[in-house]
Amino acid sequence: MRYAIVIEKLKSNYSAYVPDLPGCVATGATIEEIEQQIKEAIALS
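In structure tokens:
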């Protein structure tokens with residue numbers, strides 16, 4: 023299944039969440055890190 027992912031740039035890092043999966047969130051220092059983190063969060067949902 024495919025989900026839309028919202029990535030936001032904050033002052034010192036990135037934040038990501040999946041609108042269709044409440045509570046599915048991740049944070050990271052780089053885009054690459056946040057992409058890996060959110061994929062893991064989706065897999066656990």
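Each position in the sequence shown, counted from 1, maps to that position plus 22 in the numbering used here. Glycine is no exception: its CB is placed at the ideal position from the N, C-alpha and C atoms.
By how many angstroms is the C-alpha of residue j removed from the C-alpha of residue i?
| i | j | result |
| --- | --- | --- |
| Gly50 | Ser67 | 19 angstroms |
| Lys61 | Leu32 | 20 angstroms |
| Ser34 | Glu54 | 15 angstroms |
| Gln59 | Ala48 | 6 angstroms |
| Asp42 | Tyr25 | 7 angstroms |
| Thr52 | Gly45 | 21 angstroms |
Between which two residues does the alpha helix (DSSP H) containing residue i stretch?
| i | result |
| --- | --- |
| Ile64 | 53–66 |
So, residue i versus residue j, is the Cβ gap smaller than 8 angstroms?
| i | j | result |
| --- | --- | --- |
| Ile29 | Tyr36 | yes |
| Ile56 | Val40 | no |
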